[in-house]
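>
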Amino acid sequence: MSGIEELLAQCLKEIEEGSSVEECLARHPERREELEPLLHTAQRMRGAPRVEPSPTFRQHARTRLMNVIEPRTSAAGSRQSSSPRQRGVFQRLGLATPTMVIVMVIVLLATTGLGVVHASSRSLPGDPLYEVKLATERIRLTLSPTQAGVARAHLAAAERRLEEANRLAEANGEKYMGTLMHQYVEQVQAANEVLQNRRLRDDQVAPLAEHFGTRLTHHQEILTQIREHTPEEAYLGIDQAIKASQKAREQAAGSTDKPERPRPQGPPSHAPAGPKGDPPDTEGSSRPRPMVSPSPRAEESDGGTPSGHTQTPRQPEQTMTPQGSGQTMTPQGSGQTVTPPAPDASENGAPREEAKPTEHSGSPKDSAPAGPEPTEQPTFTKAPVPTEESKLRGPSEPTESAGLSEEALPTNTVPPTEKPQSSQDPGSPEPPSGPGGL
Amino acid sequence: MKSSMTEKKTRQDERELVHRAAGGDADAFGDLYMRYLDDIYQYVFYRVGGKEKAEDLTERVFLKAWEGIEGYEYGEYPFSSWLYRIAHNAVVDYYRTKKDEASLESVSFRLADETVGPEERLINEAEGTFLREALAQLSEEKQQLLVLRFVQELPHAQVAEILGKSEGACRVMQHRALEALNELMTKGW
Numbered sequence: 001m002s003g004i005e006e007l008l009a010q011c012l013k014e015i016e017e018g019s020s021v022e023e024c025l026a027r028h029p030e031r032r033e034e035l036e037p038l039l040h041t042a043q044r045m046r047g048a049p050r051v052e053p054s055p056t057f058r059q060h061a062r063t064r065l066m067n068v069i070e071p072r073t074s075a076a077g078s079r080q081s082s083s084p085r086q087r088g089v090f091q092r093l094g095l096a097t098p099t100m101v102i103v104m105v106i107v108l109l110a111t112t113g114l115g116v117v118h119a120s121s122r123s124l125p126g127d128p129l130y131e132v133k134l135a136t137e138r139i140r141l142t143l144s145p146t147q148a149g150v151a152r153a154h155l156a157a158a159e160r161r162l163e164e165a166n167r168l169a170e171a172n173g174e175k176y177m178g179t180l181m182h183q184y185v186e187q188v189q190a191a192n193e194v195l196q197n198r199r200l201r202d203d204q205v206a207p208l209a210e211h212f213g214t215r216l217t218h219h220q221e222i223l224t225q226i227r228e229h230t231p232e233e234a235y236l237g238i239d240q241a242i243k244a245s246q247k248a249r250e251q252a253a254g255s256t257d258k259p260e261r262p263r264p265q266g267p268p269s270h271a272p273a274g275p276k277g278d279p280p281d282t283e284g285s286s287r288p289r290p291m292v293s294p295s296p297r298a299e300e301s302d303g304g305t306p307s308g309h310t311q312t313p314r315q316p317e318q319t320m321t322p323q324g325s326g327q328t329m330t331p332q333g334s335g336q337t338v339t340p341p342a343p344d345a346s347e348n349g350a351p352r353e354e355a356k357p358t359e360h361s362g363s364p365k366d367s368a369p370a371g372p373e374p375t376e377q378p379t380f381t382k383a384p385v386p387t388e389e390s391k392l393r394g395p396s397e398p399t400e401s402a403g404l405s406e407e408a409l410p411t412n413t414v415p416p417t418e419k420p421q422s423s424q425d426p427g428s429p430e431p432p433s434g435p436g437g438l
Numbered sequence: 439m440k441s442s443m444t445e446k447k448t449r450q451d452e453r454e455l456v457h458r459a460a461g462g463d464a465d466a467f468g469d470l471y472m473r474y475l476d477d478i479y480q481y482v483f484y485r486v487g488g489k490e491k492a493e494d495l496t497e498r499v500f501l502k503a504w505e506g507i508e509g510y511e512y513g514e515y516p517f518s519s520w521l522y523r524i525a526h527n528a529v530v531d532y533y534r535t536k537k538d539e540a541s542l543e544s545v546s547f548r549l550a551d552e553t554v555g556p557e558e559r560l561i562n563e564a565e566g567t568f569l570r571e572a573l574a575q576l577s578e579e580k581q582q583l584l585v586l587r588f589v590q591e592l593p594h595a596q597v598a599e600i601l602g603k604s605e606g607a608c609r610v611m612q613h614r615a616l617e618a619l620n621e622l623m624t625k626g627w
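Going down the list, the protein sequences come from chains Y and V.
Heads up, the first sequence is in this note's numbering, so the first residue is 1 and it goes up one at a time.
Heads up, the second sequence is in this note's numbering, so the first residue is 439 and it goes up one at a time.
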């Protein structure tokens, strides 16, 4: 004799195959009393109204997704091999691989000086010289003499992506917005990884963390402004960028609380830098920087400056955080990124444990002005009322000088918004912590 | 026979799409997205209530899927089962981080069938809201089972696969879940 569970399953199967509830009950009169309410409940559930996403959501669903996921291929390609899209660009340039671009940059530097590289600094995605700009960034990373320099170069690259996104938002050129936001996230994560992994001298951690805090706070403001000038289809990518920025900022703030890492080998932190340790974080002053023209600004020796931002060399923090951290984006679920790369996927399949499987539980439910360390990133300055000219030049146009690290410095010209608070959907849930625990 | 052939072709087509997506082809993944958008949306909707939340979570489910698709082995279990698992985990994460939010604050239905008249629409919406509210009183696991089994109308074997349980254990759970839901619907909560 079957248990009630088996009998219920059998009846449900019969109903799925065309029997009526009554026919099933008639076949099991002795269990009718138990089965009847359960079968009716199941039938009621089966009759639950079908729901579907709104037409607006559906209409742009694919575009939004493509805006976010397409870059993964190209971003991965930029690290390893070139993606089809990148190959297209390289082919248009008559080049084979990104490596060739680096070679080209070196050749250009040797033959034409810094003009082309300088010109590329103003380029935007889709421009012929954009790949030169990216290659220049890679060279900067390669040449960074310290880990702190690497972190700052990543952060500077992130700011360039913001600056480009800003310019594109103004020009209604959202085509590359998803790509830029994805690359922004990658650069911020790469910068943060250096800080969190503590591949730094102990005395480098606090200044770098402070620098991160200041810059990332400002990034969030810029991103919020970009979001307000961008079509809805690009929101997902921008929201991810905001979250990544917020997470990195929080982690940077926490990094100074961590106990200093043990130093099993190598010189003590106060020892002069030797081959095994990072040299003092003077970013470029301690070592000749090939291909980098002498720059009057210490910060440029490390990552250059995104074009277009008002440069206020010695008092950057004041302009960088015009509204203070209190008004920055605070995406819900701070500390979680939306796209952790498939951490759970390796487990392939285990459903996640529930948070609280309770029956009848009614479910559900920056920093002070910069210290002695020179600022390496450029300043995004809010342009209160940008004129047409200022949109192009920025309110306090920096002096341009040729050089790898001397990029055009357009100002963040997206006007300040009236919305003080997060542009995220207030009902937006926390991102799951992995691709399905699978 | 014909439907069996169509089904086989669909599976082959899906296998091809999954293979291409795993290789980084975003367009192929976009096709998979559009193919399963409604199913995942509906599942998420009945788990969290509220169309904005469901839309947002649905997008996140597919982003997670994109991130993890290289690790998905086609044939081990259906692609849809894999997506439902991701969706389940997304819902669990959602509730884990939103404990302080009322889950039913904005249960808003957008019915799939637009041919029904306004009266029937109201009735359907009321029924949908009632079911969603009743479901919300149950444990996560029971909700998951009931939605997969009766709203998504998935067979026992696939539900067991998604839940990571044996079919026998699923049948026991099904009985308990229906009992609990029936009690709620008759006695209120």
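Every residue gets a Cβ at the ideal spot worked out from N, C-alpha and C, and that includes glycine.
1) For glutamate 621(V), does the three-state DSSP call read helix, strand or coil?
2) Looking only at C-alpha atoms, which of Ala595(V), Gly487(V), Leu475(V) and Arg458(V) sits nearest to leucine 569(V)?
3) In this structure, does DSSP put tyrosine 510(V) in helix, strand or coil?
4) Which residues bound the alpha helix (DSSP H) around proline 37(Y)?
5) With distance defined between alpha-carbon atoms, name the residue in Ala464(V), Glu452(V) and Leu622(V) nearest to valine 68(Y).
6) Assuming leucine 141(Y) is part of the alpha helix (DSSP H), what are its boundary residues?
7) How would you label histidine 309(Y), buried or exposed, when you count the other beta carbons within 10 angstroms and need 16 or more for buried?
8) Check the Cβ of proline 455(Y) against every Cβ in chain V and list those closer than 7 Å, keeping chain order.
9) List, in chain order, every chain V residue whose beta-carbon is nearer than 9 Å to that of methionine 45(Y).
10) Can you name the residues of chain Y whose CB is closer than 7 Å to the CB of tyrosine 474(V)?
11) Along chain V, in chain order, which residues have C-beta atoms closer than 7 Å to that of leucine 236(Y)?
12) Rounded to whole angstroms, what is the Cα-Cα separation between threonine 224(Y) and isoleucine 561(V)?
13) Mind checking which residues open and close the alpha helix (DSSP H) that includes phenylalanine 483(V)?
14) Within 10 Å of its beta-carbon, does asparagine 527(V) have 16 or more other beta-carbons around it, so buried, or fewer, so exposed?
15) Using CA atoms only, rank isn't needed, just tell me which of Ala42(Y), Ala206(Y), Arg161(Y) and Phe212(Y) is closest to isoleucine 238(Y).
16) Report, in whole angstroms, the separation of the C-beta atoms of arginine 46(Y) and glutamate 591(V), which I expect to be a contact under 8 Å.
17) Please name the residue in His594(V), Leu619(V), Leu586(V) and Gly461(V) whose C-alpha comes closest to that of leucine 521(V).
18) When you compare the region 502-516 of chain V with the region 605-625 of chain V, are there three or more beta-carbon pairs, one atom per stretch, that lie closer than 8 Å?
19) Tell me which residues of the region 477-490 of chain V have at least one Cβ-Cβ distance to chain Y shorter than 8 Å, keeping chain order.
20) Do leucine 7(Y) and histidine 40(Y) count as a contact pair if the criterion is CB distance below 8 Å?
21) Would you kindly check if the distance between the Cβ of threonine 63(Y) and the Cβ of glutamate 233(Y) is under 8 Å?
22) Can you find a C-beta in chain Y that's less than 8 Å from the C-beta of leucine 501(V)?
23) Could you tell me the distance, in whole angstroms, from the CA atom of arginine 138(Y) to the CA atom of alanine 191(Y)?
24) Got a sec: which bits of the region 3-21 of chain Y sit with their beta carbon under 7 Å from any beta carbon on chain V, in order along the chain?
25) Considering only the beta carbon of each residue, do alanine 42(Y) and phenylalanine 588(V) sit closer than 8 Å?
26) In terms of alpha-carbon separation, which member of Arg485(V), Ile524(V) and Leu601(V) lies closest to tyrosine 388(V)?
Per the coordinate set shown:
1) helix
2) Gly487(V)
3) coil
4) Element bounds for proline 37(Y): 32-46.
5) Ala464(V)
6) 130-143
7) Caution applies to histidine 309(Y), whose pLDDT of 39 falls short of 50 and renders its modelled position unreliable; the value that the coordinates give is listed next. Here histidine 309(Y) is buried. Its C-beta has 16 or more other C-beta atoms within 10 Å.
8) This structure cannot settle anything about residue 455(Y), because the visible part of chain Y is limited to 1 through 438.
9) Leu569, Leu573, Leu584, Val585, Arg587, Phe588, Val589, Leu616 and Leu619
10) What tyrosine 474(V) touches in chain Y: nothing, since even the nearest Cβ is about 11 Å away.
11) Correct list: Glu497.
12) 41 Å
13) 464-486
14) buried
15) Arg161(Y)
16) 7 Å
17) Leu586(V)
18) Flag = no, the region 502-516 of chain V and the region 605-625 of chain V do not touch.
19) Tyr479, Gln480, Phe483, Tyr484, Val486, Gly488, Lys489 and Glu490
20) no
21) Going by C-beta atoms, glutamate 233(Y) is nearer than 8 Å to threonine 63(Y).
22) yes
23) Whole-angstrom Cα-Cα distance: 14 Å.
24) Ile4, Glu5, Glu6, Leu8 and Ala9
25) yes
26) This structure cannot speak to residue 388(V), because chain V is shown only from 439 to 627.
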